[in-house]
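The block underneath contains the structure these notes are about, expressed in structure tokens.
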Amino acid sequence: MTAPDGSASTAAGRGAGTGADGGAGTGPDRGAGLAGVDGGTGPAGVDGGAGPAGGDGGDATVVAVEQDHLDRLYGRLDELRGEAQGRLSGALRQTGNTPSERAERESVVRDANDQVAMLGAVEQGLCFGRLDFTADEPPRYVGRIGIFDEANGYEPLLVDWRAPAARPFYLATAAAPEGVRRRRHLDTRGRRIVDVTDEVLDLDDAAHAGHEGLTGEATLLAALSRSRTGRMRDIVDTIQAEQDRVIRAPLAGMLVVQGGPGTGKTAVALHRAAYLLYTYREQLTRQGVLLVGPHRTFLRYIEHVLPALAETGVLARTVGELYPGIATAVEETPEAGLVKGATSMVEVLRTAVADRQRVPDEPVEVRIDDSHQGFGFQHDTVVLEPETVAAARERARRTTRPHNLAREVFVAEIVDALGWQVAERLGDDPYADQALGGNDAPGEGALLLNESDVAEIRRELATDSRLAAALDELWPTLTPQQLLTDLYASDDRLAAAAPALPEERRALLRRDPGAPWTVADVPLLDEAAELLGVDDRARREREERARRRRIEYAEGVLEVAAGSMSQEFEDEETEVLEVTDALTAEQLAERQVEADRRTAAERAAVDRQWTFGHVIVDEAQELSPMAWRALMRRCPTRSLTVVGDVAQTADESGTRTWADTFAPYVDGRLRTAELATSYRTPAEILAVAARLLAHIDPTLTPPRAVRDTGDEPWFRCVPGDLIATEVADTVRTEVAAVGDGRVGVIVPAGRAGAVAAAVRAVAPDAASGDDADLERGVAVLTARQAKGLEFDTVLVVAPDEIVAESRRGYSDLYVALTRTTNRLGVIHSGQLPPGLES
């Protein structure tokens with residue numbers, strides 16, 4: 001249903017509701033009307049009294065007016081939540097006696113659960129803004145969800161921030177006000193308004209002229225100056241114009257968003273996910289949205305944002321979790337990762353699969369099971385001739401089916417050839433006729449078998465376990481895990497599969513069976529799955545047998561029903577419509593199949609071949625070409641949002657330029673956008689980072705900062721063996737300085753253990769490693785573990801060692817320097833990389 005403001009209203013529970021006040025004008029419970037934009041008297045209430053003063057009145061009066069409206073919104077939110085909880089409780093009390101009743105119950109429970117969770121998630125900051133217009137129209141309140149007055153033509157009480165009607169809140173300026181005279185920001189704590197900030201966009205009112213560069217500058221700077229909490233905050237009330245244009249870009253096609261540190265790339269990506277799910281709900285609810293992040297700590301850091309934006313149906317994964325059944329955070333060495341990430345591995349895997357389709361050098365004799373005596377086999381062996389196997393292999397390969405599916409053709413060809421081999425042998429056997437019940441005496445001539453006899457021989461051979469074992473040696477059924485395990489474990493297999501790869505690079509692929517899978521292995525497993533395919537004949541046969549059983553049962557039910565009706569009306573001459581006239585056994589059987597009530601995200605999580613309606617990739621510059629191949633298979637429509645910064649590329653096989661990375665997939669049809677303003681990172685930090693950026697790539701332009709803090713970054717030199725102690729002492733000081741905020745210590749991997757141990761001596765609950773809990777006060781991380789995260793204070797330890805640890809070490813250091821929102825310290829032993837030297 002579409003509300004008058006153009007926003008999507010979902011009366012089933014996504015924020016649609018009734019408000020007795022109507023939000024503007026007069027209503028039965030309204031009392032005093034809201035203030036007019038000119039500071040005069042607001043609309044009269046039902047008792048004819050004057051409304052309170054407008055924005056030029058006293059602050060207490062303004063806050064009281066807005067608090068009144070906020071109270072009504074929360075009242076309606078409570079009603080909606082109560083209704084959803086009632087539906088949930090009622091559904092849970094139902095038992096469901098039939099499959100259809102159980103399916104309906106599960107559906108109601110799921111929907112009600114989602115609504116309860118969503119309505120609870122939007123509790124904080126439900127309403128954050130108001131628009132007053134130059135035209136004669138009521139104020140428009142903007143918030144996290146839409147709430148409507150159902151009894152009054154769906155008049156909007158609160159406009160969802162994603163609705164077209166809310167867009168002026170983010171785009172209107174004094175130069176282009178879009179009919180807006182005043183934009184009001186409501187700062188709330190819980191259900192109370194604590195502050196109101198107005199921006200007057202009427203250029204004729206010079207006394208109230210606002211800032212031209214930023215939307216809601218005071219609100220934005222206040223949000224940026226707050227302490228970190230270990231959880232990412234949404235920016236729904238401070239979205240800037242350049243961010244809004246990216247968030248609301250069309251669904252179709254690939255959009256690449258380049259942005260430097262602090263530009264809000266991640267926040268924009270998440271708000272874009274919420275916007276797309278709102279705008280294209282039917283399509284994306286059915287197909288799902290995939291969000292790919294750099295590591296699991298990052299996904300935990302952002303996991304609260306989408307629920308707070310009223311969305312819960314996005315599947316979030318790292319690259320190491322893209323293959324169902326495998327979840328790994330184990331990293332390769334840079335050299336091995338470079339080999340595994342290159343698209344040359346496609347040909348290596350293709351050759352490795354072909355190498356498992358063997359032709360024997362010599363004839364292979366296979367002893368047939370003794371149980372196969374139906375044709376009087378006097379010779380209990382069959383012979384697999386190399387020529388026969390080669391012909392069968394060629395026939396199977398010509399089908400172009402994946403390996404496991406083409407095996408069916410290979411086996412059929414072999415069995416066919418062996419069937420004739422056995423038939424010819426039986427035809428030449430003087431005792432075969434008697435064994436088969438013939439009349440010829442021994443030695444009186446050969447028996448000629450007909451086609452049905454040969455077909456029976458083939459059926460017997462097809463079920464022979466020893467022959468099946470021999471064929472498994474020549475053309476085995478393989479899983480991706482088995483293929484890669486066998487390939488990595490054998491120098492001979494590696495040499496056969498990768499003859500063009502130098503021996504020292506092949507050695508990087510060598511791995512003993514049982515070693516853990518790495519992140520770089522996951523795209524290779526996905527590629528192998530494409531090459532192998534899944535032989536699901538056994539599953540399909542089970543499903544078909546179950547279907548036939550249901551039909552047989554349904555036929556019996558209909559026969560009983562028809563018989564009962566015949567007896568009931570047997571004395572009547574009129575024709576009676578029987579149940580079988582309206583319902584077939586097949587239709588009745590289908591009604592007994594339980595529907596799959598899982599969400600798209602739940603189904604996609606276990607289905608490697610699932611294709612998504614949209615894919616969002618954060619820190620996208622880190623993905624290898626092989627990882628992109630895996631992702632493109634999951635989004636054949638190429639509807640992707642890709643956010644990243646090529647200056648921060650740390651992975652050896654990561655992105656150098658976006659155009660080169662995506663040329664194989666979009667053929668030049670690439671939409672790009674740039675976020676050029678850094679909101680999070682202060683000017684003092686960006687000045688240091690800019691010097692390093694010039695060393696990384698002089699053609700790159702650093703983002704411009706919107707704020708400074710007055711805290712200049714500091715550099716401290718200590719002896720190398722005292723670095724861990726110095727870090728611990730500094731952490732103690734910084735923890736006291738940031739109060740409830742967060743301190744990040746970013747270290748070279750070689751010092752991570754020692755520094756973490758020293759830090760825990762002064763901050764016992766300090767987090768560290770791949771699975772760090774960012775809700776603790778201090779975290780000790782490598783630069784790659786810190787990607788996408790932010791802290792109030794960052795201490796960068798031994799920057800020269802961070803640079804030395806990889807060929808993209810300068811990018812790692814650039815990431816480390818720009819994780820702070822306020823204070824930066826660098827502790828080193830006297831060696832500073834170029835760009836950081838004073």
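Residue numbers (UniProt numbering): 1 to 838. Each residue gets a CB set at the ideal place from its N, CA and C atoms; glycine is no exception.
Counting only unbroken stretches of 3 or more residues, the beta strand (DSSP E) elements lying wholly within the region 345-423 are 364-367, 381-384, in sequence order. Collapsing the DSSP output to three states places Gly556 in a helix. Rounded to the nearest whole angstrom, the CA to CA distance from Ser100 to Arg638 is 37 Å. In the DSSP annotation of this structure, the continuous segment of the beta strand (DSSP E) that includes Gly644 starts and ends at 640-644. Each residue's CA atom was taken as its position, placing Glu775 and Leu487 some 42 Å apart. Of Glu66, Asp771, Ala117, Val382, the smallest CA-CA separation from Gly82 is found for Ala117.
Restricting attention to Leu471, Trp658, Thr793, Gly90, the CA atom closest to the CA of Thr709 is found in Thr793.
Proximity to Val366 across Val382, Val353, Arg87 peaks at Val382, based on C-alpha coordinates. According to DSSP, residue pairing for Thr279 in a beta bridge does not occur. Residue range 168-171 is occupied by the alpha helix (DSSP H) that includes Pro168.
The three-state reading of DSSP puts Ile239 in coil, since its state is none of H, G, I, E or B. The beta-bridge partner set that DSSP reports for Gln258 consists of Gly644, Glu674. Per DSSP, Pro698 lies in no beta strand (DSSP E) segment and is marked neither H nor E. In terms of Cβ geometry, Asp234 and Ala308 form a close pair [threshold 7 Å]. Inter-residue distance for Phe791 and Pro682 is about 12 Å (C-alpha atoms, whole angstroms). Leu471 is classed as buried because its beta carbon has at least 16 other beta carbons within 10 Å across all chains shown. Our two residues, Ala396 and Gln287, have alpha carbons roughly 34 Å apart in a direct line. Excluding the 5 residues flanking it on each side, Leu277 has same chain C-beta neighbours closer than 6 Å at Leu284, Glu311, in chain order. Gly125 and Asp237 do touch by the CB rule: their CB atoms are close to 7 Å apart, below 8 Å. Comparing alpha carbon positions, the residue from Ala663, Val257, Arg493 closest to Ala354 is Arg493. Runs of the beta strand (DSSP E) lying entirely within the region 67-152 and spanning at least 3 residues, in chain order: 127-133, 140-143, 147-149. A direct Cα-to-Cα measurement between Thr98 and Asp773 gives close to 45 Å. Counting along the chain, the unbroken beta strand (DSSP E) around Val797 starts and ends at 791-797. An exposed status is given to Gln609, since fewer than 16 other beta-carbon atoms sit within 10 Å of its beta-carbon. The beta-carbon distance between Glu413 and Ala392, rounded to whole angstroms, is 4 Å. This is short enough to meet the 8 Å contact definition. If you draw a straight line from the Cα of Met254 to the Cα of Ala816, it comes to about 29 Å. Annotated three-state conformation of Asp535 is coil, per DSSP.
Within the same chain, Cβ atoms closer than 7 Å to the Cβ of Leu221 are found at Arg707, the five residues on either side in sequence being excluded. Positions of the alpha helix (DSSP H) runs, each at least 4 residues long and wholly inside the region 754-825, are given as 799-804, 809-817 in order along the chain.
If the five residues before and after Asp68 are omitted, its C-beta is found closer than 6 Å to no C-beta atom of its own chain.
Distances from the alpha-carbon of Phe133 to those of Asp111, Glu150, Phe169 put Phe169 closest. In the DSSP assignment, Leu315 falls within the unbroken beta strand (DSSP E) covering 314-318. For the pair Ile247 and Arg272, the CB atoms are nearer than the 7 Å cut-off. By the Cβ criterion, the region 495-511 is not in contact with the region 314-323, since fewer than three pairs of Cβ atoms, one from each stretch, lie closer than 8 Å. Buried is the label assigned to Val745, since at least 16 other Cβ atoms lie within 10 Å of its Cβ.
Relative to Lys265, the option among Ser806, Ser678, Gly741 whose CA is nearest is Ser678.
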